[in-house]
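In my numbering, the protein residues as written are 7 to 580.
First the structure, in the form of structure tokens, and then the observations on it.
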């Protein structure tokens, strides 16, 4: 049963038409995924449903009394004070929900703790507040952007058991497949409904595209054939008209009806032309098949980097504290050229802090961070609000030379920011478009190491796939923090795991790591220790392969390896 209907909603911002025909129903137990490219009006439509934005035309009709709506905005919409108020104006339900999400003793957090909230902690507080309010309809705008694995599983389970309706705006394919039963697509300001999850939607959309393209090509060939017939008739008619006015030879003039014959012939052909044109116009008017719009393709491409040495980063005995709060201690790891490493850990474990340390913008409490002198980094942060909103995209590059500007325009066009977009103020761009503008700054440089902090957060689904293809082709090193498991599985084959206040390197991808963790949870601590030892053995063997036997470091690593092999043997026997 419908509780709400969005009926022919339209919305303009200045001269820009964002929504021109948005129509769909929300039932009591709806699980709707709202999808579309960046800038198509998804958040605007959600805000209209919520009531914080008014439509220019159309209506949002409520059928069963007042509907209480909980709206999770993207984290960039909240301030530190907003989170502070959430805690100190909260009732016990919020603390219970927060505890389930892994946020313990939040009532004891002080001002300093609030000033160092991670993206995931901010999101969890917002989720806990909304769930505690017990709404009839949930609107979740990018709810997985900063969630760790524990938070993700909590959200999926809570959504499954939630008794009301849910609308999700998300670019996380795996999450949409697990949580929604209907897709509402926004394209050119108009909604289209697909009854199924995200995978069904993509397959059905591709099928419809291929079918329409096939029928369009058939109609196009038919139109070309009729037009060729009309062209031939016109040529014959023109010749007949010429013959009907021609003097002709003496013998031809003696023939009765010479001109009349050609005049009648020309008139007949003129009538045939008019008839065919009229029939073709009527046919196209009634059954015109438009050429389907091709999916927007975004092309990312990095300059190929120069050849570098094998080891690019090495960290030894790393400690990091904020006041009395310790993030990690005594941690060692390394990164080799060409490696693709994902950083995983619970919200607040220090993932973004680690990225800042590696860039040299955050000091270490203790330890040593060595980097290759020739290393050139490209860093994409998760915060897109730090761009100067009054600048245009082109001004943001700081380029002066015409040739450089032309190169920049080519790059911007390749990532879907073409034409007038480059001269628009950044404040007019969607979050996804701002992310692309940041990416362009890296595309203009030759980089050896890409450091990515939640790089897919604001990219639409088409852009994500193109971005993943670019990273697959990139020959340098990648260090990525992401809660998009699909992205991590596709891009990274090694991990840095932040757990129990330590950082350890793991020689496996996220899927294998999760399977190992799941298995370990049902085993005793000796098996857990065995896995840790095996991971370290694998890492040390990899290091030995790169060293000469006469290298002093070789002997040190070899001794450590011998100790680990003995420990492994003891654990295996027991």
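Just so you know, even glycine gets a beta-carbon here, dropped at the ideal spot from N, CA and C.
Model, not experiment: these values are computed from the prediction.
In the structure shown, residue 350 falls within a strand segment according to DSSP collapsed to helix, strand and coil.
Residue nearest to residue 481 within the set 494, 456, 63, 504 is 456 (criterion: CA-CA distance). Unbroken alpha helix (DSSP H) runs of no fewer than 4 residues, entirely contained in the segment 174 to 208, are found at 179 to 185, following chain order.
By the criterion of a C-beta distance shorter than 7 Å, residue 359 is surrounded in its chain by 326, 333, 368, once the five residues flanking it on both sides are discounted.
The Cβ-Cβ distance between residue 425 and residue 464 does not fall below 8 Å. For residue 63, the uninterrupted beta strand (DSSP E) segment begins and ends at 63 to 68. DSSP, read as helix, strand or coil, puts residue 376 in strand. Counting along the chain, the unbroken beta strand (DSSP E) around residue 486 starts and ends at 483 to 487.
Ranked by Cα distance from residue 400, the first of 390, 411, 393 is 411. Annotation for residue 493: the continuous alpha helix (DSSP H) segment containing it runs 491 to 497. The shortest CA-to-CA distance from residue 186 to any of 371, 199, 193, 195 is the one to 199.
In the DSSP secondary-structure assignment, residue 27 is bridged to 196. For the pair residue 235 and residue 224, the Cα-to-Cα distance works out to about 17 Å. With a beta-carbon spacing of about 25 Å, residue 43 and residue 413 fall beyond the 8 Å limit used to define contacts. Buried is the label assigned to residue 343, since at least 16 other Cβ atoms lie within 10 Å of its Cβ. A straight-line Cα-Cα distance of about 13 Å links residue 183 and residue 158. Apart from sequence neighbours up to five positions away, the residues of its chain that approach residue 357 with a beta-carbon distance below 7 Å are 349, 351, 487, 504, ordered along the chain. Counting along the chain, no alpha helix (DSSP H) covers residue 391, and no H or E run does either. Residue 155 holds the alpha-carbon nearest to the alpha-carbon of residue 106 among 155, 79, 60. Secondary structure of residue 430 (DSSP, three-state): coil.
In this structure, residue 196 and residue 27 form a Cβ contact; the two beta carbons are roughly 5 Å apart against a cut-off of 8 Å. Three or more beta-carbon pairs separated by less than 8 Å are not found between the segment 501 to 518 and the segment 469 to 480, which leaves the two stretches without contact. Distance from residue 146 to residue 51 at the Cβ level is roughly 14 Å; contact not present, criterion being Cβ atoms closer than 8 Å. When the alpha-carbon of residue 458 is set against those of 220, 17, 554, 493, the nearest one is in 493.
If you check the CB distance, residue 32 and residue 171 come in under 8 Å. In the DSSP annotation of this structure, the continuous segment of the beta strand (DSSP E) that includes residue 18 starts and ends at 8 to 19. Runs of beta strand (DSSP E) with 3 or more residues, each lying fully within the segment 447 to 485, are found at 455 to 459, listed in chain order. Within the segment 99 to 152, the complete beta strand (DSSP E) segments at least 3 residues long are 143 to 147, listed from N- to C-terminus.
Around the beta carbon of residue 442, a 10 Å sphere encloses 16 or more other beta carbons of the protein chains shown; the residue is thus reported as buried.
Residue state for residue 442 is assigned as helix, using DSSP reduced to three classes. Where residue 341 is concerned, the enclosing beta strand (DSSP E) starts and stops at 331 to 342.
Assignment of beta-bridge partners to residue 162 by DSSP yields no partner. In this structure, residue 454 lies near residue 381, with their beta-carbon atoms less than 8 Å apart.
Scanning its chain for C-beta atoms nearer than 7 Å, with the 5 sequence neighbours on each side dropped, one finds around residue 552 the residues 316, in chain order. Boundaries of the beta strand (DSSP E) harbouring residue 505: 500 to 505, taken from the DSSP string. DSSP places residue 78 within a strand segment (E or B) once states are collapsed to three.
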